[in-house]
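Asker: Protein sequences, first through last, are from chains A and B. If you want the numbering used here, it's the 1-based position in the first sequence plus 1. If you want the numbering used here, it's the 1-based position in the second sequence plus 12. We treat Cβ as the ideally placed atom computed from N, Cα and C, and that holds for glycine.
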Amino acid sequence: GENVEQHPSTLSVQEGDSAVIKCTYSDSASNYFPWYKQELGKGPQLIIDIRSNVGEKKDQRIAVTLNKTAKHFSLHITETQPEDSAVYFCAASKYSGGGADGLTFGKGTHLIIQP
Amino acid sequence: EPEVTQTPSHQVTQMGQEVILRCVPISNHLYFYWYRQILGQKVEFLVSFYNNEISEKSEIFDDQFSVERPDGSNFTLKIRSTKLEDSAMYFCASNTWTDNEQFFGPGTRLTVL
Chain A
2 GENVEQHPST LSVQEGDSAV IKCTYSDSAS NYFPWYKQEL GKGPQLIIDI RSNVGEKKDQ
62 RIAVTLNKTA KHFSLHITET QPEDSAVYFC AASKYSGGGA DGLTFGKGTH LIIQP
Chain B
13 EPEVTQTPSH QVTQMGQEVI LRCVPISNHL YFYWYRQILG QKVEFLVSFY NNEISEKSEI
73 FDDQFSVERP DGSNFTLKIR STKLEDSAMY FCASNTWTDN EQFFGPGTRL TVL
């Protein structure tokens, strides 16, 4: 089955700096890669996702890049703010255009924004 | 904004007892999921459900687990005989036919004593 590795487990950055979280996956058939943010006591919330036919996607301060050959994808957050402090999870699945595909998650990165 | 809801928020039970966790997915969603997250660990897929049957299940989802959509709105996870290692946060999620974005509920914290 799919295995997703995520690094680092903890990341501390100064407010205003950029943060990068990296993930690798094992199953070359995976084609959908979402990133979730989880705040304390809440469920994961999707912040951005990317499909395998795209190399990069941006949404304001957040971007995701995908390298299919190397089977890795990364989350980039620029101009970090205190409200970005949370646990971030990457995930992978096989998306078939509608379908109940379970997500395989990484272990999470605790992002700490230092004021 | 529509959201996935889950009840109860916290369930405490004795080992060996049956528990039922309840979820109300977003109303126009067709695919439903259960995940669990043991404290401090990653979120793990348990099962997916579509058209009143299981679509996919993980190795964790053994004979002790079952899912049901008893009516048009609820989606339930039953654990027949709870074990200490079932203690975790259980998340329900759902998505539409055309979009794989899974919306997660706030979770039910299950504590097995």
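1) At 3 residues or longer, and completely inside the stretch 29-110 of chain B: list those beta strand (DSSP E) runs for me, N to C.
2) Is it buried or exposed for Val31 (chain B), if we count other Cβ within 10 angstroms and need 16 for buried?
3) State the DSSP-derived secondary structure class of Glu57 (chain A), mapped to helix, strand or coil.
4) Terminal residues of the continuous beta strand (DSSP E) containing Ser13 (chain A)?
5) Per DSSP, which one or two residues make a beta bridge with Leu122 (chain B)?
6) Look up Tyr96 (chain A) in the DSSP assignment and give the residues it is bridged to.
7) Let's test the definition: count the other Cβ atoms within 10 Å of the Cβ of Val79 (chain B) and tell me whether it reaches 16, buried, or not, exposed.
8) Express the C-alpha separation of Ser70 (chain B) and Val59 (chain B) in angstroms, rounding to a whole number.
9) Are the C-beta atoms of Phe34 (chain A) and some chain B residue less than 8 Å apart?
10) How many angstroms separate the CA atom of Cys91 (chain A) from the CA atom of Gly107 (chain A)?
11) Does any residue of chain B have a CB that is nearer than 8 Å to the CB of Asp28 (chain A)?
12) Shorter than 8 Å from the beta carbon of Phe106 (chain A) to some beta carbon of chain B?
13) Asn64 (chain B) to Arg81 (chain B), Cα distance in whole Å?
14) Ordered along the chain, which non-local residues of its own chain (more than five positions away) have a Cβ less than 8 Å from that of Ile66 (chain B)?
15) Taking Cβ-Cβ distances below 7 Å as the criterion, which residues of the stretch 55-83 of chain A are in contact with chain B?
16) Please confirm whether Ser75 (chain A) and Lys23 (chain A) have their CB atoms less than 8 Å apart.
17) DSSP puts Gln7 (chain A) in a beta bridge; with which residues?
18) Would you kindly check if the distance between the Cβ of Phe57 (chain B) and the Cβ of Thr25 (chain A) is under 8 Å?
19) Asp50 (chain A) by DSSP, collapsed to three states: which one?
Answerer: Considering the structure as presented:
1) 31-36, 43-49, 55-62, 65-69, 77-80, 87-91 and 100-107
2) buried
3) strand
4) Thr11 to Gln15
5) B:Gln23 and B:Ala100
6) Paired residue(s): none; Tyr96 (chain A) is not in a bridge.
7) buried
8) 6 Å
9) no
10) 5 Å
11) no
12) yes
13) 7 Å
14) Val59, Ser60 and Val79
15) none
16) yes
17) A:Cys24
18) no
19) strand
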